[in-house]
Structure formats: C-alpha cells, structure tokens
Amino acid sequence: FCIAVSAIFVFAFSISAKFNVAFWGDSRGNGDNAFEEICGYLIAEKGKTVDVHWQNGDFTEGDHESNSWDKSWSHNNVKEACVKDYFFMCTSNHDAQNGAAKFTSNVGNILPGNGDNCFYYHKAWKIPGTSRKVHLCAVDLYLGSSNSEQIRYFTSELADITPEDWLCVLAH
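Mind the numbering: the sequence shown is residues -19 to 152 in this note's numbering, read in order.
Right, here's the structure in full:
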C-alpha cells in the first residue's frame, strides 16, 4: 500500500510473507502532523505488519538551525518509533546541513555504523523459514564519504550475497 501526505510518503511492502518493510522520508517539518502519524503507525505495527522501517532522509528541516534535530525528535511518537534495530536511515541534504558531528550525535547510537561513522553501512536480515536474506545498503551522498571508500566497503560486505537474496539500496 502507499500513503502520500504532502511531501511525506510511506511505502510498505512485503519481501516475503515473513519480512515486511516500511519506507518513508522527507518527514521534516511535520506541517500536517504526518510525521507524528507515520511514527504512531510504525509503533503500532512493530513486529506485526512492519519488521523494520527505512527512512530515506530529510528527517530534519536542516536550514543550518542548531535545533533542527531537536525539533524532529520532539514530535510525538518519534523517539519510540526510531529505535536501534528497527529504524534505519541514510544521509540527506537537510540532515547534513549541520555537519557530520551533529548527524552522528543524533543517530550514531541507533544506526548500525561502520567504523568511525554511521554515514554508510550494510545490514542484513535472514528471512525466517528460508535460507535467503534481505540486505540493506545505506549510502552516503552528503557527509563526505568518498565513492571509492564506499565501493571498497560494499564490495567486501556483499561478497557472499546470493542470487536468491534481496538487495536494497537506501539513498536520498
């Protein structure tokens, strides 16, 4: 199904009958309470119809405001929905406006990370009842990770992927 509210979207799909993902993004601002409503839905459906959710960036307004992350985290349901091992996101133009340190201080303890940063990473989930996996590669297009650095990382990380596996790339 697909829900569209202003610039915010949620797209949920089932990779199998046993693994469900919700995609969403451009939630900054919460102008019509959609950000809060999306997060409320994600809390209610955790472990039922949504196993994980992937946010494709613009979690904040950015605009070089020092409190833009605080504003995003202050909306109802956001802290409860955006937790480790359930919430995954990538870098984006708005989220990067206050720099790498601000991005890391806000989501570094939630995202899987990769060495010294959480700007790009690979996470895999085994699909229950099968030998298949779902792979998520979140790439960094905004906080300065070099293309060659990311290519080396993902080439190594994905060396054992099988044709039966799902590969999803998260970028803004």
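Positions of the beta carbon are idealized from the N, C-alpha and C atoms, including for glycine.
- Work out the CA separation of A80 and I90 for me, nearest whole Å. 15 Å
- Item | Beta-carbon contacts of F83 that lie in its chain and below 8 Å, excluding the five residues immediately before and after | T71, D75, A76, C98, F99, L123
- Uninterrupted alpha helix (DSSP H) stretches inside the stretch 93 to 125 (no shorter than 4 residues): none
- Item | Reduced DSSP category for N0 - H, G, I as helix; E, B as strand; rest coil | strand
- Could you tell me how far apart the beta carbons of D38 and G5 are, in whole angstroms, since I believe they sit closer than 8 Å? 6 Å
- Task: With distances taken Cα to Cα, identify the nearest neighbour of S136 among Y101, H152, G109, P143.
- Result: Y101
- Rounded straight-line distance, which links the Cα of D120 to that of S46: 21 Å
- So, helix, strand or coil for G27, using DSSP? coil
- Message: Report the CB separation of L138 from H115 in whole angstroms; it is logged as a contact under 8 Å.
- Response: 7 Å
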